[in-house]
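**Q** Sharing a structure with you now.
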Amino acid sequence: MQYQRIKGTRDILPLEVYQWQYLENFLREYFKRNNYKEIRTPAFEVTELFARGIGDDTDVVSKEMYTFLDKGGNSLTLKPELTAPVMRAYIQNNLEQIAPLTKIYYIDALFRQERPQKGRLRQFHQFGFEILGTPYPEADAETIQTTYELYRELGLKDLQIRLNSIGSRTSRGQYLEILRKALMPFREDFCGTCQERLEKNVLRLFDCKVEFCQQIMTEHAPSILDHLSDEDRLHFKAVCHLLDVSGVPYTIDKTLVRGLDYYTRTTFEITSSLLGAQNAICGGGRYDHLIEDLGGKPTPGVGVASGIERLLLILEQTGGFPIPETNLIYIITLGESARVAGFRLVCELRRIKLNAQMDFLRRSIKAQLRDADREQANWVVILGDEELARKAVILKNMKDGRQTELALDTAAEQITAILQNQS
RNA sequence: GUGAGUGUAGCUCAGUUUGGCAGAGCGACAGGUUGUGGCCCUGUUGGCCGCGGGUUCAAGUCCCGUCACUCACCCCA
27 MQYQRIKGTR
37 DILPLEVYQW
47 QYLENFLREY
57 FKRNNYKEIR
67 TPAFEVTELF
77 ARGIGDDTDV
87 VSKEMYTFLD
97 KGGNSLTLKP
107 ELTAPVMRAY
117 IQNNLEQIAP
127 LTKIYYIDAL
137 FRQERPQKGR
147 LRQFHQFGFE
157 ILGTPYPEAD
167 AETIQTTYEL
177 YRELGLKDLQ
187 IRLNSIGSRT
197 SRGQYLEILR
207 KALMPFREDF
217 CGTCQERLEK
227 NVLRLFDCKV
237 EFCQQIMTEH
247 APSILDHLSD
257 EDRLHFKAVC
267 HLLDVSGVPY
277 TIDKTLVRGL
287 DYYTRTTFEI
297 TSSLLGAQNA
307 ICGGGRYDHL
317 IEDLGGKPTP
327 GVGVASGIER
337 LLLILEQTGG
347 FPIPETNLIY
357 IITLGESARV
367 AGFRLVCELR
377 RIKLNAQMDF
387 LRRSIKAQLR
397 DADREQANWV
407 VILGDEELAR
417 KAVILKNMKD
427 GRQTELALDT
437 AAEQITAILQ
447 NQS
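Adding 26 to a residue's 1-based position in the first sequence gives its number in the working numbering.
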């Protein structure tokens, strides 16, 4: 048996890696343009960080983490999520001392031990960004607007933005009691998992796909939006207004509850019909207590995380990738001494920063040309013993097939001149 | 953790119903053109039919087991 990839991981092969590079280049340029600075954190952290940050009772922490003991007996975990590590770095490095407001982004690999399916992997990648230091709705609105605009620039269409407020911690606590009380009378009518949810995590009842459960919920579940504090309501209205003003389309979905414990007030999610059952391309929201929960000074924050594999899945279907340019100059040689001269020419071209390559398989001219074509070379240099004898090379344009003869000694300079002339 | 589907050439898949020589297209390689790519034509290469056991004169095909992958549930990006 050959060695195999670990379940839920993927090889990114040479022919598809340009898609990743295209996206990564775009993201770095986009974030630079929007004045976000990159942050990179280690691949693993102490397990405690995630238990505290994400919440012990969440699925991510309770059953999906890659956790192990190091030789010192410390419990460490491959990061299943990025906000908590970024907050740890923010606190540990006193970033709040540098400026009262911090805008940071990241592109990174994450690990969760789940059953893989479409758009879900055990090692997957996210990019995301965070705005730290402000409680005001402008930051919430910028987070959503910036994410939406990013997708729009990539050419994505038919995105649904779902927006909700789950209130501050106090008003949410009160609401959860009201919700539980309102649903208790129907306890027996719910499906098995929902009966458990009623005990452990009432908010999740909104997610159930069983029709009858949904019917009970629409008929009898009070909306969180009716139980927000005045401050929460004003904040939410302000976020909506700013989105209206900036032309970002959204729908308020009072059933949207994010699965991580740290969220307060604003939560949102953007979905695409081009994905499978896991149709969220990103999710995010406000977290006003996370930093203090992790031992920092009370600092409000808001942010978003977007799945890179899911984004690529969409771009693949919409033909969102530009064709990569090679600018390859392929040197074809025929004969022993021509091969040596050709090698020299390749080196010379590379020295002046041109993309040059020669055949290493000593193939026929036909095979070398076929290879040049496959490699999408724009130009081919043909150098056989015949040409060598008269100190010349043939330069062939692969687009129109025309050939000209150049002097071997000055071939590199002449090629440079031709390329410059052309563009 | 639960459920369903699929495993045959490098890739995409026929062949399984009704057991009887292991197939196609694409790709790769070569020839058609003494030293000229793509298009076309011809040929060549390429297989533990996922793995193990069973039934049978005979198994890719039927039976049992097992592994892997995919999709879905839970939950999330």
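C-beta: ideal position from N, C-alpha, C; glycine also.
This one's a predicted model, so the numbers in the text were calculated from it and none came from an experiment.
Can you tell me whether residue 199 is buried or exposed? The criterion is at least 16 other CB atoms within 10 Å of its CB, across all chains shown.
**A** By the neighbour-count rule (16 or more Cβ atoms within 10 Å), residue 199 is not buried but exposed.
**Q** In this structure, does DSSP put residue 364 in helix, strand or coil?
**A** Residue 364: helix per DSSP, three-state reduction.
**Q** Three-state secondary structure (DSSP) at residue 315?
**A** Three-state DSSP puts residue 315 in coil, outside helix and strand.
**Q** Quick one, which of 391, 324 and 176 has its alpha-carbon nearest residue 122's?
**A** If we check each option's Cα against that of residue 122, 324 comes out closest.
**Q** Look up residue 309 in the DSSP assignment and give the residues it is bridged to.
**A** Residue 309 is bridged to 295 and 331.
**Q** For residue 410, does the three-state DSSP call read helix, strand or coil?
**A** It is a strand residue.
**Q** Have a look at residue 64 and residue 157 and give me their C-alpha separation to the nearest angstrom.
**A** Computed Cα separation, rounded: 12 angstroms.
**Q** Classify residue 190 as helix, strand or coil using the three-state DSSP reduction.
**A** Here residue 190 sits in strand by DSSP.
**Q** Since residue 430 sits in a beta bridge, which residues does DSSP pair it with?
**A** 421.
**Q** In this structure, what does DSSP give as the bridge partners for residue 134?
**A** Paired residues: 152.
**Q** What three-state label does DSSP hand residue 382 in the structure shown?
**A** In this structure, residue 382 counts as strand in the three-state DSSP scheme.
**Q** Applying the criterion that 16 or more other CB atoms from any shown protein chain within 10 Å of the CB defines a buried residue, is residue 446 buried or exposed?
**A** Exposed, since its Cβ has fewer than 16 Cβ neighbours within 10 Å.
**Q** Could you pull out every residue in the same chain whose Cβ sits closer than 7 angstroms to the Cβ of residue 163, ignoring the five residues on either side in sequence?
**A** Cβ within range, chain order: 261, 264, 265 and 268.
**Q** Quick check: residue 190 and residue 296, are their CB atoms within less than 9 angstroms of each other?
**A** No, these two residues do not count as a Cβ contact at 9 angstroms.
**Q** Cα-Cα, which of 118, 405 and 184 is closest to residue 441?
**A** Ranking 118, 405 and 184 by Cα distance to residue 441 puts 405 first.
**Q** Starting from the Cα of residue 420, find the closest Cα among 378, 360, 401 and 400 and give me that residue.
**A** Closest by alpha carbon: 360.
**Q** According to DSSP, is residue 88 part of a helix, a strand, or is it coil?
**A** Residue 88 falls in the helix class under three-state DSSP.
**Q** Sorted by chain position, which residues of the same chain lie with C-beta nearer than 7 angstroms to residue 416's C-beta, five sequence neighbours on each side aside?
**A** If we look at residue 416 and ignore the five residues flanking it on each side, it has no Cβ neighbours.
**Q** Less than 9 angstroms between the C-beta atoms of residue 102 and residue 140, yes or no?
**A** No, the pair does not count as a contact, with Cβ atoms beyond the cut-off.
**Q** Measuring alpha carbon to alpha carbon, tell me which of 271, 282 and 275 ends up nearest residue 250.
**A** When each option's Cα is compared against that of residue 250, the closest is 282.
**Q** Under a Cβ-count criterion, where at least 16 other Cβ atoms within 10 Å of its own Cβ denotes burial, should residue 238 be classed as buried or exposed?
**A** Counting Cβ neighbours within 10 Å, residue 238 comes out exposed, since fewer than 16 surround it.
**Q** Sorted by chain position, which residues of the same chain lie with C-beta nearer than 8 angstroms to residue 83's C-beta, five sequence neighbours on each side aside?
**A** Correct list, in chain order: 226, 227 and 287.
**Q** Quick check on the DSSP output: the alpha helix (DSSP H) that includes residue 216 runs from which residue to which?
**A** Unbroken run through residue 216: none, as it is neither H nor E.
**Q** Tell me which residue opens and which closes the beta strand (DSSP E) that residue 101 is part of.
**A** Per DSSP, residue 101 belongs to the beta strand (DSSP E) from 101-104.
**Q** When burial is assigned at 16 or more other CB atoms within 10 Å of the CB, is residue 425 buried or exposed?
**A** The residue in question, residue 425, is exposed, as its Cβ has fewer than 16 Cβ neighbours within 10 Å.
**Q** Using only alpha-carbon positions, find the residue among 109, 374 and 217 that is nearest to residue 311.
**A** Among 109, 374 and 217, the Cα nearest to that of residue 311 is on 109.
**Q** Going by alpha carbons, who is nearest to residue 167 out of 362, 327, 391 and 381?
**A** Residue 327 is the option with its Cα nearest to residue 167.
**Q** Use the C-beta contact count for residue 179: other C-beta atoms within 10 angstroms, 16 or more gives buried, fewer gives exposed.
**A** So residue 179 ends up on the exposed side.
**Q** For residue 355, which of 346, 376, 366 and 344 has the nearest alpha-carbon?
**A** Nearest of 346, 376, 366 and 344 to residue 355, Cα basis: 376.
**Q** Between residue 53 and residue 208, what straight-line distance do the alpha-carbon atoms span, to the nearest angstrom?
**A** Computed Cα separation, rounded: 45 angstroms.
**Q** Consult DSSP for residue 356 and reduce its assignment to one of helix, strand or coil.
**A** Correct three-state label for residue 356: strand.
**Q** For the beta strand (DSSP E) that residue 93 lies in, which residues bound it at each end?
**A** Start and end: 93-95.
**Q** In whole angstroms, what is the alpha-carbon distance linking residue 184 and residue 407?
**A** Near 48 angstroms, if we compare the C-alpha coordinates of residue 407 and residue 184.
**Q** Measuring CB to CB, does residue 335 end up less than 9 angstroms from residue 150?
**A** Closer than 9 angstroms, so yes.
**Q** Do residue 385 and residue 399 count as a contact pair if the criterion is CB distance below 9 angstroms?
**A** Taking 9 angstroms as the Cβ cut-off, residue 399 and residue 385 do not qualify as a contacting pair.
**Q** Can you tell me whether DSSP reads residue 72 as helix, strand or coil?
**A** If DSSP states are grouped into helix, strand and coil, residue 72 belongs with the strands.
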